[in-house]
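Shown next, in structure tokens, is the structure this report addresses.
Residue numbers (UniProt numbering): 1 to 332.
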């Protein structure tokens, strides 16, 4: 029978019966079952399948452990996942594969995703072999958890840097509102002849927005067009939104509209940015026209959309329109 329709204890027990063990001693027969549960975000059953596999004396491989660690990252209760993660780490130590770079990086990613930076750093510091993924994972985690000093220290110590390294560090500074340092690092990155990608440019545009440095924002926009990244912008709503947000918060509504108008499609975040920008600068009627167009195109408004639309009504004194929008919120 299909494992999806059998109670797990009964299914595991049937597989682990002495008479059936011989049929499941090949690890490659277990990988699809373990992978299926890991990919569906079922950490308990993923780990249970692993132990059942071990009961049949099928030898584990590094792929098994990568799947187990992945399952511990995506799940429900964080405390429970931490316990499972440590249990998996114990099995990795028992099998002597902690120093295999793929396994080690999976563990680093797991501990960082759980916010367990002390465990991640201990694993990192005792490792005799690290690669770019190892360094980038830890730098990104420190930045996301507010410790840009430690992230910067690791960044300076890196034997080599990739685009991901620079992007992670710039993103860390932006997250922690050190926007000047983010721009400074971006200029250093350009001096190193490292070409930024969309992720980097979005972070830098956020820094320009918060500092109100329109000239630098325009230079980045020109850089995007000059280097052919305008092709990447087509369909890349995140970058489009960052440009719209930067222009409207710097008071350049015509340029914000030009970017917005050139987008094919777009999601609710992009539309919200434009509606909010129009509302902020007193273009109430235009904002409500856009609000109507958004619904006509099948883009479902969310909380941010309604805030922008109601602000537009407030600034333009459109009381009746505001009441209608407020009453319509119950239908979304």
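Even glycine gets a Cβ: it sits at the ideal position worked out from N, Cα and C.
Model, not experiment: these values are computed from the prediction.
Span separating the alpha-carbon of residue i from that of residue j
| i | j | result |
| --- | --- | --- |
| residue 168 | residue 139 | 7 Å |
| residue 265 | residue 226 | 23 Å |
| residue 115 | residue 325 | 41 Å |
| residue 313 | residue 319 | 6 Å |
| residue 137 | residue 143 | 10 Å |
| residue 294 | residue 309 | 11 Å |
| residue 300 | residue 95 | 51 Å |
| residue 28 | residue 100 | 19 Å |
| residue 21 | residue 44 | Low per-residue confidence applies at residue 21: pLDDT is 46, beneath 50, and the placement is therefore not dependable enough to give any value. |
| residue 113 | residue 196 | 25 Å |
| residue 23 | residue 57 | In this predicted model, residue 23 has a pLDDT of only 49, less than 50, meaning its place in the structure is not dependable; the value taken from the coordinates is given anyway. About 11 Å. |
| residue 298 | residue 162 | 40 Å |
| residue 188 | residue 219 | 16 Å |
| residue 185 | residue 42 | 40 Å |
| residue 87 | residue 217 | 48 Å |
| residue 284 | residue 278 | 7 Å |
| residue 92 | residue 40 | 22 Å |
| residue 304 | residue 286 | 17 Å |
| residue 79 | residue 107 | 16 Å |
| residue 133 | residue 327 | 50 Å |
| residue 192 | residue 170 | 15 Å |
| residue 260 | residue 272 | 11 Å |
| residue 222 | residue 190 | 15 Å |
| residue 317 | residue 111 | 52 Å |
| residue 148 | residue 77 | 28 Å |
| residue 181 | residue 53 | 51 Å |
| residue 119 | residue 68 | 18 Å |
| residue 302 | residue 126 | 47 Å |
Top-ranked residue by Cα proximity to residue i, from the options
| i | options | result |
| --- | --- | --- |
| residue 105 | 124, 117, 95, 116 | 124 |
| residue 109 | 177, 249, 70 | 70 |
| residue 98 | 79, 286, 61, 165 | 61 |
| residue 258 | 243, 53, 284 | 243 |
| residue 268 | 250, 280, 292 | 292 |
| residue 63 | 102, 321, 170 | 102 |
| residue 66 | 53, 78, 89 | 89 |
| residue 262 | 78, 305, 236 | 236 |
| residue 150 | 222, 172, 132 | 172 |
| residue 207 | 193, 250, 79 | 250 |
| residue 160 | 328, 131, 39 | 131 |
Cβ separation of residue i and residue j, assumed to be a contact under 8 Å, to the nearest whole Å
| i | j | result |
| --- | --- | --- |
| residue 290 | residue 274 | 6 Å |
| residue 183 | residue 204 | 7 Å |
| residue 209 | residue 245 | 6 Å |
| residue 37 | residue 51 | Contact flag wrong, Cβ pair sits at about 13 Å. |
| residue 202 | residue 224 | Not a contact, Cβ separation roughly 11 Å. |
| residue 165 | residue 155 | 7 Å |
| residue 176 | residue 146 | 6 Å |
| residue 117 | residue 141 | 6 Å |
| residue 280 | residue 306 | At roughly 15 Å, the Cβ-Cβ gap does not stay under 8 Å, so residue 280 and residue 306 are not in contact. |
| residue 214 | residue 252 | 7 Å |
C-beta atoms of residue i and residue j nearer than 7 Å
| i | j | result |
| --- | --- | --- |
| residue 270 | residue 296 | no |
| residue 84 | residue 47 | yes |
| residue 128 | residue 158 | no |
| residue 315 | residue 282 | yes |
Quick check: the segment 72-91 against the segment 27-34, are there 3 or more CB pairs under 8 Å? no
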